[in-house]
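**Student:** Protein chains in written order, with the working numbering: chain A, 1 to 245; chain B, 1 to 221; chain C, 1 to 221; chain D, 1 to 210; chain E, 1 to 210.
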Amino acid sequence: MNWHRFASPSNFKRLSARIFPWAAGGAALCLGCGLYQALLVSPPDYQQGQSVRIMYIHVPAAWMAMFVYANLALAGAATLVWRHPLAEVAGRAMAPIGAAFTFLCLATGSLWGKPMWGTWWEWDARLTSVLILFFVYLAYMALNNAFDDATRGARASAVLALVGAVNLPIIKFSVDWWNTLHQPASVMRLDGPAIHPSMLWPLLAMGVGYTLLFVVLALVRIQAELIERRLGALVQARLSAEPAA
Amino acid sequence: MNAAFALIARDVRLAWRHPNEIATILAFFVIAASLFPFGIGPEPQILARVAIGIVWVTALLACLMSLDRLFQAEVEDGSLDLLVTAPAPLELLALAKVVAQWITTALPLIVISPIVATMLHLPADGYATLLLTLVLGTPGLSLFGGIGAALSVNARRGGALLALIVLPLTVPILIFAVAAVDAAIAGLSPRPHLFLLAGLSVFALTIAPFAMAASLRQAAE
Amino acid sequence: MNAAFALIARDVRLAWRHPNEIATILAFFVIAASLFPFGIGPEPQILARVAIGIVWVTALLACLMSLDRLFQAEVEDGSLDLLVTAPAPLELLALAKVVAQWITTALPLIVISPIVATMLHLPADGYATLLLTLVLGTPGLSLFGGIGAALSVNARRGGALLALIVLPLTVPILIFAVAAVDAAIAGLSPRPHLFLLAGLSVFALTIAPFAMAASLRQAAE
Amino acid sequence: MIGRASFEAHDLACLRGGRIVFRQLEFRVDAGGLLVLRGANGAGKSSLLRMMAGLIGPAHGALLWNGDDIADDPDAHRARTSYAGHSDALKPALTVAEHLSFHAKLRGQAADKIAAALDAFALTKFADLPARLLSQGQRKRVALARLIAAPAPLWLLDEPTNGLDADSTARLETAIAAHRETGGIVVAATHLDFAGADAVTLTLGERKAA
Amino acid sequence: MIGRASFEAHDLACLRGGRIVFRQLEFRVDAGGLLVLRGANGAGKSSLLRMMAGLIGPAHGALLWNGDDIADDPDAHRARTSYAGHSDALKPALTVAEHLSFHAKLRGQAADKIAAALDAFALTKFADLPARLLSQGQRKRVALARLIAAPAPLWLLDEPTNGLDADSTARLETAIAAHRETGGIVVAATHLDFAGADAVTLTLGERKAA
Ligand code: HEM
Ligand SMILES: Nc1ncnc2c1ncn2[C@@H]1O[C@H](COP(=O)(O)OP(=O)(O)OP(=O)(O)O)[C@@H](O)[C@H]1O
Ligand SMILES: Nc1ncnc2c1ncn2[C@@H]1O[C@H](COP(=O)(O)OP(=O)(O)OP(=O)(O)O)[C@@H](O)[C@H]1O
Ligand SMILES: [Mg+2]
Ligand SMILES: [Mg+2]
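1. Leaving aside the five residues before and after Gly-158/C along the sequence, list all residues of the same chain whose C-beta is less than 6 Å from its C-beta, in chain order.
2. Would DSSP call Ile-22/B helix, strand or coil?
3. For Ala-110/D, which of Arg-4/D, Arg-16/D, Ala-149/D and Ser-135/D has the nearest alpha-carbon?
4. Does any C-beta atom of chain B lie closer than 8 Å to the C-beta of Gly-159/C?
5. Secondary structure at Ile-70/E, three-state DSSP: helix, strand or coil?
6. Quick one: Cα of Gly-199/B to Cα of Ala-65/A, how far?
7. What is the DSSP secondary structure of Arg-13/C, counted as helix, strand or coil?
8. Hey, is Phe-103/A's beta-carbon within less than 8 Å of any beta-carbon in chain B?
9. Is Gln-218/C near ligand 5, going by C-beta to nearest heavy atom under 7 Å?
10. Please confirm whether Leu-144/E and Phe-121/E have their CB atoms less than 8 Å apart.
11. For a contact meaning CB atoms closer than 7 Å, what does Ile-147/C contact in chain A?
12. Is there at least one non-hydrogen atom of ligand 7 closer than 7 Å to the beta-carbon of Gln-24/D?
13. Flag Ile-132/A as yes if its beta-carbon sits less than 8 Å from any beta-carbon of chain B, otherwise no.
14. Does the distance from the CB of Lys-45/E to the CB of Ala-166/E come in under 8 Å?
15. For Ser-215/B, count the other beta carbons within 10 Å of its own beta carbon; 16 or more makes it buried, fewer makes it exposed. Which is it?
16. Check whether the stretch 128–142 of chain A and the stretch 156–168 of chain A touch, using three or more Cβ-Cβ pairs below 8 Å as the test.
17. Hey, is Val-12/C's beta-carbon within less than 8 Å of any beta-carbon in chain B?
18. For Gln-183/A, count the other beta carbons within 10 Å of its own beta carbon; 16 or more makes it buried, fewer makes it exposed. Which is it?
19. DSSP three-state label for Arg-28/E, please.
20. Please tell me whether, using a cut-off of 7 Å, the distance from the CB of Gln-136/D to the nearest non-hydrogen atom of ligand 5 is below it.
21. When you compare the CB of Asp-68/B with every CB in chain C, is at least one pair closer than 8 Å?
22. Using 10 angstroms around the beta-carbon of Ser-198/A, count the other beta-carbons present and answer buried if the total reaches 16, otherwise exposed.
23. The alpha helix (DSSP H) that contains Thr-128/A, what's its start and end?
24. Quick check: does the Cβ of Gly-42/D come within less than 7 Å of any heavy atom belonging to ligand 2?
25. Determine the extent of the alpha helix (DSSP H) in which Arg-191/B is found, giving its start and end residues.
26. Comparing alpha-carbon positions, which option in Cys-63/C, Phe-5/C and Ala-48/C lies nearest Phe-144/C?
27. Suppose only complete runs of 3+ residues qualify. What are the beta strand (DSSP E) ranges in the stretch 105–130 of chain D, listed by chain order?
28. Give a single yes or no on whether Lys-140/E has its beta carbon closer than 7 Å to a heavy atom of ligand 1.
29. Would Gly-54/E pass as a contact of Asn-41/D if the rule is Cβ separation under 8 Å?
30. Run down chain D in chain order and give the residues with a C-beta less than 7 Å from the C-beta of Glu-173/E.
31. Bridge partners for Leu-202/E per DSSP, in chain order?
32. With 16 as the cutoff for other CB atoms within 10 Å, does Ser-189/B come out buried or exposed?
33. Would DSSP call Gly-42/D helix, strand or coil?
34. Going by alpha carbons, who is nearest to Asn-162/D out of Ser-82/E, Lys-140/E, Ala-104/E and Ala-116/E?
35. From what residue to what residue does the alpha helix (DSSP H) around Leu-64/E run?
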């Protein structure tokens, strides 16, 4: 398959124009239905009571934190291997979104932890590894912005994204490898979900909704970044063109 | 290989000609660690509980301070061009620079760490394991730090950026090292933690040369 | 005077040219401070006892990291010659560089320190005093650090003095600051400690410009 | 020593900071040849030399050694290239002799040409002086002495006479002539007159070339 | 603008690293004069210029401005001296215009000659470019433009033509001539031919002088 075909800026623009309305509509629909189901329709938990509703925000946010990071690492690999500008732009565009999802996961987890575990924050393996993920996102953004030359920033942060990818399995399996306060996976399991359908469906709707939201935000940011780059190149060309001797 | 050894020898010699740089880092280590008795109060049992953590965190931060200029100095005086255009693999040369940094910074830290541990009333059972964790863990610190140093070459605010990159990568090393010493003090076996620590350093060793070389090639463009 | 303001403006512009740089140094502070719980263990009561120490050590470290290159960078690119041959007093220009460093490093740290203190469970009674100690103490840190930075530029003469004199000079600042916050938490008056802290910063202010100018003139020879 | 060799560029273009510095550049130098790069400040001489050294990749086109793209075998190209850029790459604390012997070892060669290298640039009496005590021209001479301390067929020199006195410039010219006699190739950027038999001059930044 | 002035040395000696670089040095330049320093690498040209700038003290003898020892009133001497050394003193992140206006303010002058300074060295196009994007010669031109941005009677130039192309060298010569016309004094170290009407040449490191 020839990826470069999609990767040229003009093809990307056409492709994204086609995807955009569907993704935006889908996101609105999924998030609307999911939130309605989650907050009003689905039953309160027999152990956790109403506070279980945080789950519908928290769990998909946690999935997205990891999913976006995986995309970031892929974009990083593409940046380094094919040196494609679109991969650079994509990484730059996705990082703040991923950081926001990670922050959402941390914040809702922390809110949930108070009633459940009696503490806002605990230095437990799952929580700590997500905090590290957040820090890696911050480092990625700082590094990406730390150079005058956008390409240099993109390549440097791509290396960091790849190195930081080891954190993903640690987050995913921390609950299995160590004794954690945090509960182990019940949806994303090899032997099928162990959760009641009345909770599963709204959760999955939220998951799809978040994913589409991510697609929408990423497309918008990539477009903006492409325009900014073109402007920057024009300005620089005007400034530095020295008359030939 | 010879090129790498020559580079190690040169960097060690350079550090030796400016012994005050090593002295500064060691002084920082001792002073930072000896500050904590003031903050915590002199009760030995509380001090003992935090001793390992303090030794390790200050060691990490001291290591970080010395990494700041590892590659930046080479860029500024033009030496990086010579390293990148040398016929030896850049991966090997970058690794050699990290090895030299480890010899000149981490090794002295390891040597004086028992003194700092004594100041902080580390229980006697913990010393051997503390030294072991330092020996096994500091190579990982230096290697991850080397990645950060290579990535932040020519960056604005290089020092703080370096810390931002390196600290999250090195947190696992810190956690396992502290867990190992804790286990030893509690009379348990520190072995599983030590294995994980060694594993992290080996992991760092497998990726760091490539990550550093890739970043340095970009920096030389 | 105008020359000094121009220098402050230039250095602040160099450091803050892009807003993400402030974010970088703040993130560094937060990450460095949150390293300690990894090492010390998460028990809130122990964290609370070391919280002030951690905030202050991290502030010292951030200060040291940014001071490291304060004058060295000027020497390496030749700017020091222009500063020394400018018709403004060198004492004033050296002071201006320290002021700029304080604005770009210490000030953001002070602003964000309450957040770090919260992460570390600092008792509520300590916040106001912590901020006061930072406001009164960090100028002293920057000034003593500036002396060290100027001395270490002149590697031949007294680089080792940096380790032997300047770092110990900053220890009293740390001790009084921590003592002041401890007193406030214990319900005692932090005033005597705060006076001592202010006294140290004033002392630093009276000697640092001359010490820095003297070493810089030597470095420019 | 080196035998027949050729170094050429085909349709070469250079992009820096998103701007085209030069394009459609062509040249060819054969064993024993000297290529002098000329052009106004900012014309791209240094960029071209860094490209020849493999430090930056061409935006378009290729550089060929004996007909093979240098990007195909970067290791071999690095082994045959000696680059002396604008900066001297000296460590203030190391002595002149230490710099040269480190450089030889770095390039995988025996440190047996140090004495010859010192002699070629009249540095013998500074051999044990740390670089921080050297004057500007003396520093530049140390940088150039590296070329002799670790021989390589292709010399890339960026304004090598900057800061040199007349005597040192003559010594450089002697070194270049000797290198060319053994079949070596020299590419040098300069704003000055550069003595060299049948040198090829490539002027960057002229309308035709751009 | 400056009126009658004279700059002279009496029995001057320079010690560096415990070694005598030159001694018994004598010269005199009057308002509008150009003193060209020559001599082999390491002869002491840069050392003499740094001494003239007040950066290093004479080991013996004195430098006199209008007959007064410059060491007696270093503040006044710094106010009248503009020194452009080997290094460019550029900050990679600052633009060309920012460098010049900072320099004017640092020297206590109004930042109103920036445009003229940019124009004098053909830097107007680069005014808003950060220094890290400049080529070697462009950097040197920024360093020289400082002389115009913050005028001072005495110019001390250490190999000012290093790295400059022919056009820029001509611009520097124009600037020097204009400065001398207003009564300014210029001291320049160089290894090249330096155009300047009735320049006085001082050759360092010759047997007679040493
Ligand atoms: C700041 C604190 C917290 C963080 C950083 C965090 C992080 C995460 C992450 C990364 C996941 C995704 C796991 C996966 O896909 O395998 C997750 C899932 C989950 N979390 Fe949390 N969490 C936090 C607090 C909590 C609390 C307090 C609870 C409730 C007791 C909770 C309950 C859950 C549940 C039920 C899942 C779904 C597991 C599954 O079915 O796969 N979390 N959390
Ligand atoms: N910082 C220093 N400490 C001690 N000696 C020095 C120092 N700088 C230069 N020297 C020595 O002083 C002598 C004069 O150096 P100077 O830089 O003045 O020479 P120069 O005439 O400018 O040479 P060049 O043409 O190479 O620039 C040299 O022999 C040099 O080794
Ligand atoms: N790192 C860089 N990033 C972006 N652009 C650069 C960079 N370095 C140089 N340039 C630009 O590339 C062009 C060519 O620069 P180069 O240094 O190759 O010129 P040069 O011919 O060597 O000039 P000089 O005679 O002044 O040394 C210049 O216009 C310069 O502004
Ligand atoms: Mg050039
Ligand atoms: Mg000189």
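Backbone N, C-alpha and C define an ideal beta-carbon position, used for all residues, glycine too. Only a predicted model underlies this, so the values are computations on that prediction, with no experimental measurement involved.
**Tutor:** So, to answer that:
1. Counting from one through the third sequence, the residue named residue 158/C turns up at place 158. Reliability of the predicted coordinates at Gly-158/C is poor, the pLDDT of 45 falling under 50, and the value obtained from them is presented with this limitation in mind. Here the set comprises Leu-151.
2. As a first step, residue 22/B is located in the second sequence; it is residue number 22 there, counting from the start. Looking at Ile-22/B - three-state DSSP - the assignment turns out to be helix.
3. On the fourth sequence, position 110 is the one that residue 110/D refers to. Nearest C-alpha to Ala-110/D: Ala-149/D.
4. Residue mapping note: residue 159/C aligns to position 159 of the third sequence, counting from 1. Caution is warranted here: a pLDDT of 48 is assigned to Gly-159/C, below 50, making its placement in the model unreliable, and no coordinate value can be reported.
5. Residue 70/E sits at position 70 when you count from the first residue of the fifth sequence. Note: Ile-70/E maps to helix in three-state DSSP.
6. Locating residue 199/B in the second sequence gives position 199, where the first residue counts as 1. Locating residue 65/A in the first sequence gives position 65, where the first residue counts as 1. Spanning the two alpha carbons is a distance of roughly 26 Å.
7. Counted from its first residue, the third sequence places residue 13/C at position 13. If DSSP states are grouped into helix, strand and coil, Arg-13/C belongs with the helices.
8. Taking the first sequence and counting its residues from 1, the one referred to as residue 103/A is at position 103. By this cut-off, Phe-103/A is not an interface position.
9. Along the third sequence, one-based indexing puts residue 218/C at 218. Gln-218/C: no, Cβ never under 7 Å from ligand 5.
10. For the purposes of this step, residue 144/E is taken as the residue at position 144 of the fifth sequence. For the purposes of this step, residue 121/E is taken as the residue at position 121 of the fifth sequence. Their beta carbons are under 8 Å apart, which means Leu-144/E touches Phe-121/E by this criterion.
11. To locate residue 147/C, count along the third sequence from 1; it is residue 147. In chain order: nothing, as chain A lies at least about 30 Å away.
12. This structure lacks ligand 7; the ligands present are ligand 1, ligand 2, ligand 3, ligand 4 and ligand 5.
13. Position 132 of the first sequence, counting from 1, holds the residue named residue 132/A. With 8 Å as the cut-off, Ile-132/A counts as an interface residue toward chain B.
14. Start at 1 with the first residue of the fifth sequence, and residue 45/E comes out as number 45. Start at 1 with the first residue of the fifth sequence, and residue 166/E comes out as number 166. Going by C-beta atoms, Lys-45/E is not nearer than 8 Å to Ala-166/E.
15. Within the second sequence, the letter at position 215 stands for residue 215/B. So Ser-215/B counts as buried.
16. yes
17. Along the third sequence, one-based indexing puts residue 12/C at 12. Taking Cβ atoms only, chain B never reaches closer than 8 Å to Val-12/C, which makes this a no.
18. Along the first sequence, read from residue 1 onward, the residue named residue 183/A stands at position 183. Exposure of Gln-183/A is indicated by the presence of fewer than 16 other C-beta atoms within 10 angstroms of its C-beta.
19. For the purposes of this step, residue 28/E is taken as the residue at position 28 of the fifth sequence. Arg-28/E falls in the strand class under three-state DSSP.
20. Stepping through the fourth sequence from its first residue, residue 136/D is reached at position 136. Because some heavy atom of ligand 5 lies under 7 Å away, the Cβ of Gln-136/D counts as near it: yes.
21. Residue mapping note: residue 68/B aligns to position 68 of the second sequence, counting from 1. Closer than 8 Å: yes.
22. Taking the first sequence and counting its residues from 1, one reaches residue 198/A at position 198. Per the 10 Å Cβ criterion, exposed.
23. The count along the first sequence starts at 1 and reaches residue 128/A at position 128. Looking at the DSSP string, the run of the alpha helix (DSSP H) that includes Thr-128/A is 125–144.
24. Your numbering for residue 42/D matches position 42 in the fourth sequence. Distance from the C-beta of Gly-42/D to the nearest heavy atom of ligand 2 is not below 7 Å.
25. For the purposes of this step, residue 191/B is taken as residue 191 along the second sequence, with counting starting at 1. 191–219 is the span of the alpha helix (DSSP H), which, as asked, contains Arg-191/B.
26. The count along the third sequence starts at 1 and reaches residue 144/C at position 144. Checked all of Cys-63/C, Phe-5/C and Ala-48/C; the closest Cα to Phe-144/C is Cys-63/C.
27. none
28. Taking the first residue of the fifth sequence as 1, we reach residue 140/E at position 140. False, no ligand heavy atom lies under 7 Å from that Cβ.
29. For the purposes of this step, residue 54/E is identified with residue 54 of the fifth sequence, where counting begins at 1. For the purposes of this step, residue 41/D is identified with residue 41 of the fourth sequence, where counting begins at 1. No, Cβ-Cβ distance for Gly-54/E and Asn-41/D is not below 8 Å.
30. In the fifth sequence, residue 173/E corresponds to position 173, counting from 1. Result: empty, since nearest Cβ-Cβ is about 14 Å, beyond 7 Å.
31. The sequence position of residue 202/E within the fifth sequence is 202, counting from 1. Under DSSP, Leu-202/E takes part in a beta bridge, and its partners are Leu-37/E.
32. Residue mapping note: residue 189/B aligns to position 189 of the second sequence, counting from 1. Under this definition Ser-189/B is an exposed residue.
33. Locating residue 42/D in the fourth sequence gives position 42, where the first residue counts as 1. Correct three-state label for Gly-42/D: coil.
34. Reading the fourth sequence from its first residue, position 162 is the one you call residue 162/D. For the options Ser-82/E, Lys-140/E, Ala-104/E and Ala-116/E, the alpha carbon positioned closest to that of Asn-162/D is the one of Lys-140/E.
35. Here residue 64/E refers to the residue found at position 64 when the fifth sequence is read from its first residue. That residue, Leu-64/E, is in no alpha helix (DSSP H); its beta strand (DSSP E) goes 60–65.
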